[in-house]
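Numbering (our numbering), first residue to last: 9 to 85.
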């Protein structure tokens, strides 16, 4: 924060301080939104990768899933 800004805000009174605090919160909120969007994009890429693998090798993934869902004793029979 610029040290010259604070005295000017204090001159404006409580309205100026309120505006300043809202502005700071909006900046922080924008950073959080950017981070969430970035993580969302990474998650969508991962989902696309998994779906593409499933489209290329549907039986291999199905077999792996069925082995996970059944206990080993049943899969050996």
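Glycine is no exception: its CB is placed at the ideal position from the N, C-alpha and C atoms.
Computed from a predicted model, the values in this text were never measured in an experiment.
Worksheet item: Can you name, in chain order, every residue of its own chain whose Cβ lies under 6 Å from the Cβ of residue 47, other than the five neighbours on each side?
Response: none
Worksheet item: In the structure shown, what three-state DSSP assignment does residue 45 receive?
Response: helix
Discussion item. Which residue wins for smallest C-alpha separation from residue 28, given the options 38, 39, 16?
Written reply: 16
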